[in-house]
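Q: Residue numbers (our numbering): 49 to 225.
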Amino acid sequence: MKNKISPTQQEVKLPAQDMIVTKTDLTGRITYANRTFMRISNFAERELLGIQHNIVRHPDMPRGVYRFMWDTLKSGREFFGVVKNMTSEGHFYWVFANVTPDLDVNGKTIGYFSVRRPPPADMVRAVVPLYEAMLRVEQQAGPAKAPEASLALLEQTMAEQGCSYDRFVLGLYEKSR
């Protein structure tokens, strides 16, 4: 079970040359975490292995983004996204995440492999208003309907822009480089 951590307003910056790498099983339980992840999140390996990856979920992240991620992964596709995570002290850090299905020799998904790097500041600034709108929709919808409600807003917003969330995020990354 996830510990209740109170968020702070202190940001932890992932150094430009660093990449966070984790692997999970099919249910999102961590099976591998690199030292960069442990250092940035300030969790020891023993606190991470076998624990749900959402141990670092920041409450500012809309549940609809995670619903989109899981839908994408379960369809066998890779996910790209901008994610605000939380350290063991409640500090926050942003990542540009790429999550892919981890396949066995027969092509069967056995888990997920994730690589996260620091996102350009423009990328974060571009998603914050969208995420804030999604969070407002989630609050109005209530806990049981929150993920579907904010996912619907995400899909509507992306349809208005003529692209998918993945394309939107990749486009932001390309513009920021």
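Glycine included, each C-beta is placed from N, C-alpha and C at the ideal position.
1) Go to ARG94, then tell me how far its alpha helix (DSSP H) extends in each direction, as first and last residue.
2) Going straight from the alpha carbon of TYR213 to that of PHE144, what length do you get?
3) Distance check for MET182 and GLY230, CA to CA, integer angstroms please.
4) So with Cβ pairs under 8 angstroms, would you call VAL143 a contact of chain C?
5) Give the secondary structure of MET254 by DSSP, where H, G and I count as helix, E and B as strand, and everything else as coil.
6) Buried or exposed, going by whether 16 or more other CB atoms sit within 10 Å of the CB of LYS50?
7) With DSSP as the reference, label PRO107 as helix, strand or coil.
8) Express the C-alpha separation of THR56 and ALA174 in angstroms, rounding to a whole number.
9) Pick helix, strand or coil for SER162, following the three-state DSSP scheme.
10) Would you call the stretch 62-82 and the stretch 92-107 touching, i.e. three or more CB-CB distances under 8 angstroms?
11) Quick one: measure Cβ to Cβ for PHE140 and ASN133, integer angstroms, because I've assumed they're closer than 8 angstroms.
A: So, from the data block:
1) Here residue 94 refers to the residue found at position 46 when the sequence shown is read from its first residue. That run of the alpha helix (DSSP H) goes 93-96.
2) As a working mapping, residue 213 is identified with position 165 in the sequence shown. As a working mapping, residue 144 is identified with position 96 in the sequence shown. Rounded to whole angstroms, TYR213 to PHE144 spans 13 angstroms at the Cα level.
3) Because residue 230 is not part of the residues shown, which for the chain are 49 to 225, the question remains open.
4) Absent from the structure is chain C; it holds one protein chain and no more.
5) With the chain covering 49 to 225 only, the question about residue 254 has no answer from this structure.
6) As a first step, residue 50 must be located in the sequence shown, where it is residue number 2. Residue placement at LYS50 is flagged as unreliable, the pLDDT there being 49, under the threshold of 50; a coordinate-derived value is accordingly withheld.
7) Looking up residue 107 in the sequence shown gives position 59. DSSP places PRO107 in coil when its eight states are reduced to three.
8) Against the sequence shown, residue 174 aligns to sequence position 126. Against the sequence shown, residue 56 aligns to sequence position 8. So the two alpha carbons sit approximately 22 angstroms from each other.
9) Locating residue 162 in the sequence shown gives position 114, where the first residue counts as 1. Reduced to three states, the DSSP call for SER162 is strand.
10) yes
11) Within the sequence shown, the letter at position 92 stands for residue 140. Within the sequence shown, the letter at position 85 stands for residue 133. That pair is a contact at about 7 angstroms.
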